[in-house]
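S.K.: Each number in the numbering used here comes from the position in the sequence shown (counting from 1) with 4 added on. No residue lacks a Cβ here, since even glycine has one placed at the ideal position from N, Cα and C. Since we're looking at a predicted model, the values are computed, not measured. Got a structure for you, written out below as structure tokens; questions coming shortly.
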Amino acid sequence: MLELFFDLVFVFTVTQLTTVVTDTHDVLGFVEAATILFVIWWMYDGYCWLSNNVGPTSTSTRVPMLLAMAAFLVLAIALPEAYGTDRWLFAVAYLVVVVVHAVSFTRSSLGGSARAILAIAPVNFGAATLLFVAAALPRDLRWIAWAGAVAVYIGSMVAQRESGFSIRPVHFAERHRLLLIIALGESVIAIGVSAGGHIAETRYLVAVLLAMLLIALFWWVHFAEDEHATDALLRIERAEPDRLVRVALLAFSMSYLLLVAGLIPVASGLHEVVHDPGHPLTWLAAGTLGVGTAIYLVGNSVHLWLLGLSSGWALKVAALVALGTIPIGHEVNGDVQVVALCVVIAAALVVSRRDVATMQHIA
Numbered sequence: 005m006l007e008l009f010f011d012l013v014f015v016f017t018v019t020q021l022t023t024v025v026t027d028t029h030d031v032l033g034f035v036e037a038a039t040i041l042f043v044i045w046w047m048y049d050g051y052c053w054l055s056n057n058v059g060p061t062s063t064s065t066r067v068p069m070l071l072a073m074a075a076f077l078v079l080a081i082a083l084p085e086a087y088g089t090d091r092w093l094f095a096v097a098y099l100v101v102v103v104v105h106a107v108s109f110t111r112s113s114l115g116g117s118a119r120a121i122l123a124i125a126p127v128n129f130g131a132a133t134l135l136f137v138a139a140a141l142p143r144d145l146r147w148i149a150w151a152g153a154v155a156v157y158i159g160s161m162v163a164q165r166e167s168g169f170s171i172r173p174v175h176f177a178e179r180h181r182l183l184l185i186i187a188l189g190e191s192v193i194a195i196g197v198s199a200g201g202h203i204a205e206t207r208y209l210v211a212v213l214l215a216m217l218l219i220a221l222f223w224w225v226h227f228a229e230d231e232h233a234t235d236a237l238l239r240i241e242r243a244e245p246d247r248l249v250r251v252a253l254l255a256f257s258m259s260y261l262l263l264v265a266g267l268i269p270v271a272s273g274l275h276e277v278v279h280d281p282g283h284p285l286t287w288l289a290a291g292t293l294g295v296g297t298a299i300y301l302v303g304n305s306v307h308l309w310l311l312g313l314s315s316g317w318a319l320k321v322a323a324l325v326a327l328g329t330i331p332i333g334h335e336v337n338g339d340v341q342v343v344a345l346c347v348v349i350a351a352a353l354v355v356s357r358r359d360v361a362t363m364q365h366i367a
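Structure representation (structure tokens):
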């Protein structure tokens with residue numbers, strides 16, 4: 005249960021990121037939000053790997069998790085000013101997260117994970133160091149060091165630094181699904197907050213129901229096939245154990261990053277739709293809704309493809325069509341854009357499920 009308690013911090017993190025995206029009005033602001041998400045996600049997901057190897061079942065394993073939880077909470081609070089006035093606090097809290105993660109992983113008795121952390125820990129410390137560099141740089145140059153931290157992490161994936169780790173597939177998949185549920189929950193919160201005090205008005209009620217339908221379809225896109233995803237990991241563990249960790253990293257850790265990266269702008273866009281229902285959206289609000297949906301659909305497509313469950317072509321096509329709904333939100337209104345997105349996703353679901361069924365039959 006400590007893992008579920010730990011995830012409460014992620015709820016606040018997603019809320020903070022959604023606020024940042026909502027308040028952003030230029031490309032640089034979105035770049036900054038993306039780098040913050042990547043850096044936080046890398047270590048938060050690292051704790052999914054940690055709890056998969058070292059279960060928090062004793063005082064000696066629970067206390068470090070609670071310490072990390074406190075550090076993540078500080079990160080989340082400092083997040084809106086991670087590039088600004090709270091940059092040093094953010095960097096220090098991130099360093100604490102990295103230290104606790106590295107030390108705790110050395111206690112793993114699952115496979116070779118205790119040794120494997122020695123390869124990835126320098127990467128994490130390198131990224132943390134770059135956050136201190138960013139804090140020392142002038143405001144308009146800080147994004148360079150943040151981008152460097154992201155590049156360090158991407159470089160470690162290219163170098164396959166994850167080799168040597170061991171995972172328990174069923175628990176691993178379940179932990180990531182819980183994080184996605186949290187991100188979906190932020191969209192629900194955004195809908196509810198936006199309609200506060202107006203739900204008795206017909207136009208607000210309609211906007212809320214349409215937005216909820218869209219989020220339900222988002223849930224369906226991913227969780228309709230979730231049992232197949234776990235089965236796919238188990239098949240790989242039996243047939244190609246050497247590929248298991250690589251597939252887990254790409255199909256879950258990185259694909260779920262795309263899913264969360266899509267849901268955050270969607271939550272921001274739905275806030276605007278429900279806040280002023282029946283009115284045209286700004287290009288920025290319509291764009292965040294359309295682009296966020298496209299990113300989410302691509303993330304699901306990549307997830308299914310990496311697990312060998314689907315070619316993912318239907319979801320990729322749907323992602324392109326989702327981008328085409330942006331002018332609808334701006335020229336007509338947000339409600340109509342939401343309806344269009346619902347139609348696109350529903351159609352993609354029908355085709356995608358047939359694709360998955362065909363692939364399962366072949367397997």
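Counting C-beta neighbours from all protein chains within 10 Å, is the total for Arg-179 16 or more, i.e. buried, or is it exposed?
M.R.: Buried is the call here.
S.K.: Scan the segment 277-343 and note each continuous alpha helix (DSSP H) run of 4 residues or more that stays entirely inside, going in chain order.
M.R.: The qualifying runs are 287-310, 317-327, 330-335.
S.K.: Measuring CA to CA, which of Ser-315, Gly-273, Trp-317, Val-302 is closest to Gln-341?
M.R.: Considering only alpha carbons, the answer is Gly-273.
S.K.: Rounded to the nearest angstrom, how far is the Cβ of Val-58 from that of Phe-109, given a contact under 8 Å?
M.R.: Contact flag correct, Cβ pair sits at about 7 Å.
S.K.: For the alpha helix (DSSP H) containing Gln-20, name the first residue and the last one.
M.R.: 6-26 is the span of the alpha helix (DSSP H), which, as asked, contains Gln-20.
S.K.: What do you get for Ser-64, buried or exposed, if any count of 16 or more other CB atoms within 10 angstroms of its CB means buried?
M.R.: Exposed, since its Cβ has fewer than 16 Cβ neighbours within 10 Å.
S.K.: Tell me which residues share the same chain as Val-102 and place their Cβ nearer than 7 Å to its Cβ, disregarding the 5 neighbours each side in the sequence.
M.R.: Once the five neighbours on either side are set aside, the close Cβ partners of Val-102 are Met-47, Asn-128, Phe-129, Ala-132.
S.K.: Would you decide whether Ile-148 is buried or exposed? Buried here means 16 or more other CB atoms lie within 10 Å of its CB.
M.R.: Answer is exposed; the Cβ neighbour count stays below 16.
S.K.: Is Ala-236 closer than 8 Å to Gly-312 when the C-beta atoms are compared?
M.R.: Contact: yes.
S.K.: Going by other Cβ atoms of all chains shown within 10 Å of its Cβ, with 16 needed for buried, is Ser-314 buried or exposed?
M.R.: Per the 10 Å Cβ criterion, buried.
S.K.: From what residue to what residue does the alpha helix (DSSP H) around Leu-29 run?
M.R.: Before going further, note that residue 29 is His rather than Leu in the sequence given. Counting along the chain, His-29 falls outside any alpha helix (DSSP H), and DSSP gives it neither H nor E.
S.K.: Cα separation between Ala-352 and Leu-141?
M.R.: Each residue's alpha carbon lies about 46 Å from the other.
S.K.: Can you say whether Val-55 is buried or exposed, counting buried as having 16 or more other CB atoms within 10 angstroms of its CB?
M.R.: One point to set straight first is that residue 55 is Ser, not Val, in the sequence displayed. With 16 or more Cβ atoms within 10 Å of its Cβ, Ser-55 is classed as buried.
S.K.: Identify, in the order they occur along the chain, each residue of the same chain with its Cβ nearer than 6 Å to the Cβ of Ala-199, setting aside the five sequence neighbours on each side.
M.R.: Taken in chain order, the residues that qualify are Tyr-208, Val-212, Val-278.
S.K.: Could you give the first and the last residue of the continuous alpha helix (DSSP H) run that contains Pro-68?
M.R.: Unbroken alpha helix (DSSP H) run through Pro-68: 63-82.
S.K.: Please classify Ile-349: does DSSP put it in a helix, a strand, or coil?
M.R.: Ile-349: helix per DSSP, three-state reduction.
S.K.: Could you spell out where the alpha helix (DSSP H) holding Ser-160 opens and where it closes?
M.R.: Segment 146-162, the alpha helix (DSSP H) holding Ser-160.
S.K.: Could you tell me which uninterrupted alpha helix (DSSP H) segments, each at least 4 residues in length, are contained entirely in the segment 82-126, listed from first to last along the chain?
M.R.: Correct list: 91-109.
S.K.: Distance, Cα to Cα, His-365 vs Ala-243?
M.R.: Any reading at His-365 needs caution, since the residue's pLDDT is 46, under 50, leaving its predicted position unreliable; the model's value is listed next. Using only the alpha carbons, I get a separation of about 18 Å.
S.K.: Is the beta carbon of Gly-266 closer than 8 Å to that of Ile-219?
M.R.: Cβ distance not < 8 Å, so Ile-219 and Gly-266 don't count as in contact.
S.K.: Looking at C-alpha atoms only, which residue of Gly-316, Val-343, Thr-329 is the closest neighbour of Arg-357?
M.R.: Ranking the options by Cα distance to Arg-357, first place goes to Gly-316.
S.K.: Quick one, are the C-beta atoms of Val-15 and Ile-186 less than 8 Å apart?
M.R.: A contact, by the Cβ cut-off of 8 Å.
S.K.: By the three-class DSSP mapping on this structure, what secondary structure does Gly-200 have?
M.R.: Gly-200: coil per DSSP, three-state reduction.
S.K.: Any idea what DSSP makes of Val-210, helix, strand or coil?
M.R.: Correct three-state label for Val-210: helix.
S.K.: Less than 8 Å between the C-beta atoms of Asp-11 and Leu-182, yes or no?
M.R.: Yes, these two residues count as a Cβ contact at 8 Å.
S.K.: Have a look at Gly-333 and Gly-294 and give me their C-alpha separation to the nearest angstrom.
M.R.: Rounded to the nearest angstrom, the two C-alpha atoms are 9 Å apart.
S.K.: Reducing DSSP to helix, strand and coil, say where Pro-245 ends up.
M.R.: Correct three-state label for Pro-245: helix.
S.K.: Taking the alpha-carbon positions, what's the Leu-135 to Leu-99 distance?
M.R.: The straight-line gap from Cα to Cα measures roughly 9 Å.
S.K.: Secondary structure at Arg-357, three-state DSSP: helix, strand or coil?
M.R.: Helix at Arg-357.
S.K.: Please classify Leu-141: does DSSP put it in a helix, a strand, or coil?
M.R.: Residue state, collapsed to three classes: coil.
S.K.: Give the straight-line distance between the Cα atoms of Val-355 and Ser-257, rounded to the nearest whole angstrom.
M.R.: Cα to Cα, Val-355 sits roughly 26 Å from Ser-257.
S.K.: Take the Cβ of Pro-245 as the centre, count every other Cβ of all protein chains shown within 10 Å, and call the residue buried at 16 or more, exposed below.
M.R.: Its Cβ having fewer than 16 others within 10 Å, Pro-245 is exposed.
S.K.: Compute the Euclidean distance between the alpha carbons of Ala-177 and His-232, then round it to the nearest angstrom.
M.R.: Roughly 11 Å between the two C-alpha positions.
S.K.: For Trp-46, would you say it is in contact with chain C, using Cβ-to-Cβ distances shorter than 8 Å as the test?
M.R.: Considering every chain present, this structure includes no chain C. It has just one protein chain.
S.K.: With a CB to CB cut of under 6 Å and the five nearest residues on each side skipped, what residues in its chain are close to Val-18?
M.R.: Cβ within range, chain order: Ala-187, Glu-190.
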